[in-house]
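A.B. asks:
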Amino acid sequence: MKLLTHNMLTSKCIKGVSVGYPLKINASDVKETEIDFNPEFVSKMIPKLDWPVLYEAADSLGKVGDLPKNIIENFENDEDFLKKVHHIMLEVEIVNGNLICPETGRKFPINNGIPNMLLNEDEI
Amino acid sequence: MSRSCRSYLLWFAQEHTEFRFAEIKSLLSLFKIEMRFIKQPKDIEPYWLVEFNSENDVKLLASRSVSLKNCMELWAHGKTVSELHRKMKEYPMHLIKHYFEPSKSFKIEVETFCKHVSQQEKVSKIEAFSYLPMCGRVDLKQPDVKMQYIEYYGIEANNPPEEPYDVFFGRWVTSGLRQLIKKLSLKTRKFIGNTSMDPQLSLLMANQAKITEGDIVLDPFVGSGSLLVAAAQFGGYVLGTDIDYLMLHGRTRPTRIKQTIREKDESVKANMEQYDLSHRYLDVLVNDFSASFWRNDFKFDAIITDPPYGIREATEKIGTLKKNYKVKEEHLPTHIPAKIDYGISNIYGDLLLFAAKHLKIGGCVVCWFPVFREDYNEKCLPSHPCFTLTANSEQGLSKVTSRRLLTFEKIREPTVEEMQQYTCNISDFREKYYEAREESRTERRLRESKIRQDNREKHELSKSLT
Chain E
7 MKLLTHNMLT SKCIKGVSVG YPLKINASDV KETEIDFNPE FVSKMIPKLD WPVLYEAADS
67 LGKVGDLPKN IIENFENDED FLKKVHHIML EVEIVNGNLI CPETGRKFPI NNGIPNMLLN
127 EDEI
Chain A
217 MSRSCRSYLL WFAQEHTEFR FAEIKSLLSL FKIEMRFIKQ PKDIEPYWLV EFNSENDVKL
277 LASRSVSLKN CMELWAHGKT VSELHRKMKE YPMHLIKHYF EPSKSFKIEV ETFCKHVSQQ
337 EKVSKIEAFS YLPMCGRVDL KQPDVKMQYI EYYGIEANNP PEEPYDVFFG RWVTSGLRQL
397 IKKLSLKTRK FIGNTSMDPQ LSLLMANQAK ITEGDIVLDP FVGSGSLLVA AAQFGGYVLG
457 TDIDYLMLHG RTRPTRIKQT IREKDESVKA NMEQYDLSHR YLDVLVNDFS ASFWRNDFKF
517 DAIITDPPYG IREATEKIGT LKKNYKVKEE HLPTHIPAKI DYGISNIYGD LLLFAAKHLK
577 IGGCVVCWFP VFREDYNEKC LPSHPCFTLT ANSEQGLSKV TSRRLLTFEK IREPTVEEMQ
637 QYTCNISDFR EKYYEAREES RTERRLRESK IRQDNREKHE LSKSLT
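Chains E and A, in that order, give the protein sequences. Under the working numbering, residues 7 to 130 are what the first sequence spells out, in order. Under the working numbering, residues 217 to 682 are what the second sequence spells out, in order.
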């Protein structure tokens with residue numbers, strides 16, 4: 007699972023959970039793959055991201071590197087910055103581990119890169 | 217005279233004929249291209265006579281169209297062969313004479329639609345153009361200028377008339393994406409499921425959803441991801457979800473008849489890699505569509521999906537009919553959640569409600585909807601106040617059933633009330649399907665095995681006779 011996807015996921019569908027965001031990450035296997043860089047796509051996604059959540063997620067995996075803590079101005083023209091975001095958002099992959107609901111501690115296992123967000127019938 | 221230099225003939229594949237209108241309409245809107253009909257096309261005829269403001273427009277359109285075969289700049293059109301040649305002789309030569317310069321190699325292609333003619337006849341049809349001042353050399357492989365001569369004999373291949381109904385001549389401009397259908401064929405695809413969508417229909421769906429470079433596209437009933445292949449092909453960055461854990465992990469029973477177990481690395485991602493689209497693959501997740509987990513403010517650019525109808529794939533969601541049910545602590549690590557019937561009406565209601573919340577304005581939901589032909593009217597389709605239905609075309613499935621490809625475009629954000637539960641009053645296809653079926657599965661199996669048995673006997677008999 008990519009950190010871009012993590013940025014959009016919540017556990018709000020659990021009964022009794024109101025926000026369920028951001029999900030904590032407990033990863034046992036993280037992989038970095040090379041993916042074609044598309045500056046237009048990255049520029050388009052940056053305003054849609056919850057930046058502190060992305061930063062925090064990267065930090066918890068030890069992959070934050072020199073990613074700035076805040077979105078820089080005129081990021082569209084800064085290829086160096088866009089490449090950093092591209093790497094964190096798309097190239098860092100959680101292969102195995104858990105996503106954890108911040109309110110209930112419910113774990114959602116990630117196996118082979120695919121998160122299992124299914125709830126049990128008594129949780130909905 | 218400017219009119220005649222911008223007339224084009226669009227020639228379509230005679231397959232899924234109803235869908236070409238929806239596809240072209242979506243592409244014209246996506247690229248903001250203006251196209252005018254010179255003659256209003258008839259439903260089933262494979263050609264359109266149209267005008268464009270520039271040749272770039274028609275090239276752009278063809279660069280994305282799956283139903284379009286060829287496009288030519290029309291120089292002459294006649295109801296008979298002699299009328300065509302008379303018109304061609306009258307054509308203002310100064311407009312096209314640069315195509316005939318000595319430096320330009322050329323080729324004339326002859327097509328007789330719905331009628332077979334010999335090579336010799338084709339050559340004599342080409343020679344009829346000897347009055348054209350062509351000076352270049354002939355090059356059959358890579359000509360600088362390709363001209364097309366088409367005789368149209370209607371669409372009844374068994375009984376073509378003596379003389380053609382229409383005759384066209386002009387310069388080939390560009391071709392559509394027919395070759396892509398073959399490239400994405402399910403026969404050669406790494407990972408397929410029992411209900412994988414045919415590549416041509418998947419590409420049509422991606423076009424109707426107006427997917428463009430950098431769009432985020434979701435399929436909430438993703439299965440083997442056949443729709444995402446098409447979406448990624450046109451520049452979408454794709455996400456999929458499905459309730460079926462085994463499917464997403466490529467661990468269901470194999471779909472191919474000769475395969476006993478699935479290969480270790482079958483997955484939606486493997487398909488993307490097969491077609492060099494892995495940079496457009498975001499993620500697939502196991503989830504129950506009735507329990508949304510996306511961030512409230514997150515917006516998708518398009519949603520394309522083929523929800524289960526309850527016939528070949530069950531309509532299910534997580535739940536139980538037991539009251540106050542609780543999973544026991546000791547069972548938690550291995551518990552597989554129970555499922556209850558979701559129901560078609562709820563699925564489509566939830567789909568439009570989800571899209572009202574999570575789709576950008578102007579974004580499209582493209583989905584299939586099963587119907588009984590005799591009961592069909594537009595009122596029985598799902599609807600939502602935030603959407604207009606922009607396309608609705610039918611694909612027959614059997615004598616009594618069909619499915620319709622629907623395109624909904626989001627026109628506004630929902631009000632607070634519209635964000636809440638939304639009920640969609642549509643009848644359940646599944647119930648009637650099993651009632652109205654002419655024969656049960658067992659009956660069909662017996663009937664088919666009887667036919668096979670008879671054929672075998674006939675075959676044995678004919679062998680013993682010779």
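Here a beta-carbon is modelled for each residue, glycine too, at the ideal position from N, C-alpha and C.
Label A:Glu250 either buried or exposed according to how many other C-beta atoms from any shown protein chain fall within 10 Å of its C-beta, with 16 as the threshold for buried.
C.D. replies: Against the second sequence, residue 250 of chain A aligns to sequence position 34. With fewer than 16 other Cβ atoms within 10 Å, it is exposed.
A.B. asks: Counting only beta-carbon atoms, is E:Thr110 nearer than 7 Å to chain A?
C.D. replies: What you label residue 110 of chain E is simply residue 104 of the first sequence in a count that begins at 1. Not one chain A Cβ lies under 7 Å of E:Thr110.
A.B. asks: So, are the CB atoms of A:Glu482 and A:Gly466 less than 7 Å apart?
C.D. replies: Residue numbering aside, residue 482 of chain A sits at position 266 when the second sequence is read from its first letter. Residue numbering aside, residue 466 of chain A sits at position 250 when the second sequence is read from its first letter. Cβ distance < 7 Å, so A:Glu482 and A:Gly466 count as in contact.
A.B. asks: Is there at least one Cβ from chain A nearer than 7 Å to E:Cys107's Cβ?
C.D. replies: Here residue 107 of chain E is taken as the residue at index 101 of the first sequence, counted from 1. No, its Cβ sits nowhere closer than 7 Å to a Cβ of chain A.
A.B. asks: Do A:Ser686 and A:Phe228 have their C-beta atoms closer together than 7 Å?
C.D. replies: Since the first residue shown for chain A is 217 and the last is 682, residue 686 of chain A is missing from the structure and cannot be characterised.
A.B. asks: Could you check if E:Asn118 is buried or exposed, using at least 16 other CB atoms within 10 Å of its CB as the buried criterion?
C.D. replies: For the purposes of this step, residue 118 of chain E is taken as residue 112 along the first sequence, with counting starting at 1. Flag for E:Asn118 reads exposed.
A.B. asks: Does any CB atom of chain A fall closer than 7 Å to the CB of E:Asp128?
C.D. replies: As a first step, residue 128 of chain E is located in the first sequence; it is residue number 122 there, counting from the start. By this cut-off, E:Asp128 is an interface position.
A.B. asks: If we define contact as Cβ-Cβ less than 7 Å, is A:Gly430 a contact residue for chain E?
C.D. replies: To locate residue 430 of chain A, count along the second sequence from 1; it is residue 214. Closer than 7 Å: yes.
A.B. asks: Are the beta-carbon atoms belonging to A:Ile520 and A:Asp460 less than 7 Å from one another?
C.D. replies: The residue labelled residue 520 of chain A in the question sits at position 304 within the second sequence. The residue labelled residue 460 of chain A in the question sits at position 244 within the second sequence. No, the Cβ-Cβ distance between A:Ile520 and A:Asp460 is not below 7 Å.
A.B. asks: Name the chain A residues whose beta carbon is nearer than 8 Å to that of E:Pro121?
C.D. replies: Within the first sequence, numbered from 1, the residue matching residue 121 of chain E stands at position 115. Chain A residues near E:Pro121: Asp499, Leu501, Val502.
A.B. asks: Could you give the C-beta distance for A:Asp179 and A:Ile534, rounded to a whole number, given that I count them as a contact under 8 Å?
C.D. replies: Residue 179 of chain A is absent from the model: chain A starts at 217 and stops at 682.
A.B. asks: The beta strand (DSSP E) spanning A:Lys362 covers which residue range?
C.D. replies: By 1-based counting over the second sequence, the position of residue 362 of chain A is 146. Looking at the DSSP string, the run of the beta strand (DSSP E) that includes A:Lys362 is 361-368.
A.B. asks: Just checking my contact of A:Lys539 with A:Ser242 at CB under 8 Å: how many whole Å lie between their CB atoms?
C.D. replies: As a working note, residue 539 of chain A is residue 323 in the second sequence. As a working note, residue 242 of chain A is residue 26 in the second sequence. Going by Cβ atoms, the distance from A:Lys539 to A:Ser242 rounds to 48 Å, so no, they are not a contact pair.
A.B. asks: Are A:Val454 and A:Ala446 closer than 7 Å when you measure CB to CB?
C.D. replies: Counted from its first residue, the second sequence places residue 454 of chain A at position 238. Counted from its first residue, the second sequence places residue 446 of chain A at position 230. Cβ atoms of A:Val454 and A:Ala446: not closer than 7 Å.
A.B. asks: If you compare alpha carbons, which of A:Thr658, A:Pro586, A:Glu343 is closest to A:Glu647?
C.D. replies: In the second sequence, residue 647 of chain A corresponds to position 431, counting from 1. Of A:Thr658, A:Pro586, A:Glu343, the residue nearest in Cα terms is A:Pro586.
A.B. asks: Just the C-alpha distance for A:Leu276 and A:Arg528, rounded to the nearest angstrom, thanks.
C.D. replies: Start at 1 with the first residue of the second sequence, and residue 276 of chain A comes out as number 60. Start at 1 with the first residue of the second sequence, and residue 528 of chain A comes out as number 312. One C-alpha to the other measures close to 38 Å.
A.B. asks: Can you confirm whether A:Leu464, when its beta carbon is compared against all beta carbons of chain E, has any partner nearer than 7 Å?
C.D. replies: Walking along the second sequence from the start, residue 464 of chain A turns up at place 248. For A:Leu464, the answer is yes, since a Cβ of chain E falls inside 7 Å of its Cβ.
A.B. asks: Beta-carbon within less than 7 Å of A:Asp670's beta-carbon, same chain only, minus the 5 sequence neighbours each way: which residues are those?
C.D. replies: The residue given as residue 670 of chain A occupies position 454 in the second sequence. Excluding residues within five positions, none has a Cβ falling inside 7 Å.
A.B. asks: Could you work out which residue in A:Ile240, A:Lys323, A:Gln364 is closest to A:Leu300 when comparing CA atoms only?
C.D. replies: Within the second sequence, the letter at position 84 stands for residue 300 of chain A. Closest by alpha carbon: A:Gln364.
A.B. asks: Could you pull the start and end residues of the beta strand (DSSP E) that A:Ile667 belongs to?
C.D. replies: For the purposes of this step, residue 667 of chain A is taken as the residue at position 451 of the second sequence. Run containing A:Ile667: none in the beta strand (DSSP E); it sits in the alpha helix (DSSP H), 657-681.
A.B. asks: Mind checking which residues open and close the beta strand (DSSP E) that includes E:Met14?
C.D. replies: For the purposes of this step, residue 14 of chain E is taken as residue 8 along the first sequence, with counting starting at 1. Taken as a continuous stretch (DSSP letters only), E:Met14 belongs to no beta strand (DSSP E), as it is neither H nor E.
A.B. asks: What ranges does the beta strand (DSSP E) occupy inside the region 442-474 of chain A, keeping only unbroken runs of at least 3 residues that lie completely in it?
C.D. replies: If we require 3 residues or more, the beta strand (DSSP E) runs fully inside the region 442-474 of chain A come out as 453-458.
A.B. asks: Mind checking the region 528-539 of chain A against chain E and listing, in chain order, the residues whose C-beta falls within less than 7 Å of any C-beta there?
C.D. replies: Flagged, chain order: Ile534, Gly535, Thr536.
A.B. asks: Would you say the region 52-72 of chain E touches the region 108-115 of chain E, given that touching needs at least three Cβ pairs under 8 Å?
C.D. replies: In short, these stretches do not touch, since the Cβ pair count stays below three.
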